[in-house]
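Position 105 of the sequence shown, counted from 1, bears residue number 223 in my numbering, the numbering being contiguous throughout. Worksheet: the structure to be examined is printed underneath.
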Amino acid sequence: MFDWENLFLSCNHCNNIKNDKFTPILDCTKVAVDKKIAFRRHSEPFMPDKLEITALEDDVETRNTVALLNEVYYGSTAQKIEEAKIIRKQLSKELNAFEECVTDYNAADGEDKKDLELSIMMKLKWNAPFAAFKRWMIRDASDKFPELLKYCQ
């Protein structure tokens, strides 16, 4: 059933997958989705990345959202599988660039470090591409970068 409360802009790929198949899902305007779901990327040299999207809470909205995200990132039809590969490739490039930024931050000092921290902060904002995955990269490395956790709220 149509509901103005759950009307969000999304790409055709995501919108076509969601339809009415995944209801109810988490409302990202009311819930910090990346605090209910862990978003991780596992990578090996010369191999495609593997994504791990894990529910941290066992409620129907979280489970449905995880199922939706897995279908978005992996597809369920031949066409959706190919579209998902493109999205995963974009995600991989974005996360590689973010990892390089954090590595540069770790090696920097003075003004360079401050500039890189600002860049990291911007890359962790809600409207940054694949921000949930980036936030989980920082959370998983919180022992190395405790000062960056404040940008993962």
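Even for Gly, the Cβ is constructed at its ideal location relative to N, Cα and C.
Going by other Cβ atoms of all chains shown within 10 Å of its Cβ, with 16 needed for buried, is residue i buried or exposed?
{"i": "C270", "result": "buried"}
{"i": "V220", "result": "buried"}
{"i": "D152", "result": "buried"}
{"i": "W254", "result": "buried"}
{"i": "A196", "result": "exposed"}
{"i": "I256", "result": "buried"}
{"i": "L76", "result": "The requested residue 76 is not part of the displayed model; the chain covers only 119 to 271."}
{"i": "K148", "result": "exposed"}
{"i": "K252", "result": "buried"}
Please state if the CB of residue j and the CB of residue i are separated by a distance shorter than 8 Å.
{"i": "F157", "j": "A250", "result": "yes"}
{"i": "I204", "j": "Y191", "result": "no"}
{"i": "F140", "j": "A173", "result": "no"}
{"i": "P142", "j": "N188", "result": "no"}
{"i": "L209", "j": "I238", "result": "no"}
{"i": "K231", "j": "I135", "result": "no"}
{"i": "L144", "j": "E200", "result": "no"}
{"i": "E175", "j": "K154", "result": "yes"}
Between the Cα of residue i and those of the options, spot the shortest distance and give me the residue it belongs to.
{"i": "L213", "options": "M239, A226, G228 and F248", "result": "F248"}
{"i": "D222", "options": "L144, F263, D138 and K154", "result": "F263"}
{"i": "A259", "options": "A150, E217 and T147", "result": "E217"}
{"i": "C129", "options": "K252, A202, P163 and D261", "result": "A202"}
{"i": "W244", "options": "S194, N137 and A150", "result": "A150"}
For residue i, which residues from the same chain have a beta carbon less than 6 Å from its beta carbon, with the 5 sequence-adjacent residues on both sides left out?
{"i": "E170", "result": "R158"}
{"i": "C132", "result": "V190"}
{"i": "G193", "result": "I199 and A202"}
{"i": "D261", "result": "none"}
Using C-beta distances below 7 Å, list every residue in its chain close to residue i, excluding the 5 sequence neighbours before and after it, in chain order.
{"i": "S161", "result": "D167"}
{"i": "L234", "result": "C219, D222, Y223 and A226"}
Within a Cβ cutoff of 8 Å, which residues of the same chain sit near residue i, ignoring the five residues on either side of it in sequence?
{"i": "A246", "result": "M240 and K252"}
>> Give the list of continuous beta strand (DSSP E) stretches no shorter than 3 residues that lie fully inside the stretch 123-201.
In response: 155-160 and 168-173
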